[in-house]
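Chemist: Residue numbers (our numbering): 1334 to 1605. Ideal Cβ placement from N, Cα and C applies to all residues, glycine included. Source: prediction; values computed, not measured.
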């Protein structure tokens, strides 16, 4: 017979379900945020500057867990590892019974980290198990999302594997310091009236290479990274032979509603 003040079984089930759903949402949001932090960080963009909708972070973990076979395999191995880590942590942090014989390594651990044992014993056992499980899950989700974010960023930076669209921007004259005049693509535009701070070689490297060119080796292709907060971020794709630590330079172009034209394509159009 249930206690007079105890809630009905249905209410307890709904409460437990709501708690699990809330915890799942936290894990998904955390994974999505870390993935995008790693992805855009690979391109040297700070995620806090991008006004990304909060709901989008809840769908990104699908790419982290099931994006491809490699991601699925890493997720499976991570779940096995985290289950082992949780059990091992609970065992190593459990109090030492005075009457039983325990492994020497566990006894040495308790002697070396006595403060940790005292701290753990101050936490109720049920809460201690949940806390250890959450900490290990957050650690493994962090590394899964970070690894997948870096892998996907590298994939999108390389022309042969990129899923980002090819871009053509038509901008008003004098909006940016680099670019080609469509009527005379072989002449560098004048930089009169502009000032420069920083590395001049970056500007020199980009001037004269603002248009796509499939005849050079490697082919030159400009792609759209993201359009956000009235800024358009574009970059020149990398060659498959580029070094793993090579990063493309990102151009951040402020949008101008007057006279700006953006053309996107899934790939470089083939000449007819």
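(1) Between which two residues does the beta strand (DSSP E) harbouring residue 1396 extend?
(2) Who pairs with residue 1569 in a beta bridge, going by DSSP?
(3) DSSP puts residue 1583 in a beta bridge; with which residues?
(4) Assuming residue 1577 contacts residue 1571 (C-beta within less than 8 Å), just tell me the rounded distance between them.
(5) Given residue 1398, which residues of its chain have a CB within under 6 Å of its CB, disregarding the five upstream and five downstream residues?
(6) In the DSSP assignment, the beta strand (DSSP E) including residue 1499 goes from what residue to what residue?
(7) Just verifying my parser: in three-state terms, what is the DSSP assignment at residue 1560?
(8) On the criterion of 16 or more Cβ atoms from any shown chain inside 10 Å, does residue 1359 qualify as buried, or is it exposed?
(9) Using only the alpha-carbon positions, how far apart do residue 1562 and residue 1422 sit?
(10) Tell me the rounded alpha-carbon separation between residue 1554 and residue 1353.
(11) Going by beta-carbon coordinates alone, are residue 1362 and residue 1482 separated by less than 7 Å?
(12) Are the CB atoms of residue 1466 and residue 1395 nearer to each other than 7 Å?
(13) How is the alpha helix (DSSP H) around residue 1420 delimited, first residue to last?
(14) Please state whether DSSP places residue 1467 in a helix, a strand or coil.
(15) Taking DSSP's pairing of strands, which residues face residue 1514 in a bridge?
(16) Hey, out of 1404, 1502, 1470 and 1474, whose CA is closest to residue 1566's CA?
(17) Please list, in chain order, all residues of the same chain as residue 1383 whose beta carbon is under 6 Å from its beta carbon, the five residues on each side excluded.
Modeler: In this structure, then:
(1) Not the beta strand (DSSP E): residue 1396 falls in the alpha helix (DSSP H), residues 1394 to 1399.
(2) 1555
(3) 1568
(4) At roughly 10 Å, the Cβ-Cβ gap does not stay under 8 Å, so residue 1577 and residue 1571 are not in contact.
(5) 1408
(6) 1499 to 1503
(7) strand
(8) exposed
(9) 45 Å
(10) 46 Å
(11) no
(12) no
(13) 1402 to 1426
(14) helix
(15) 1517
(16) 1502
(17) 1561
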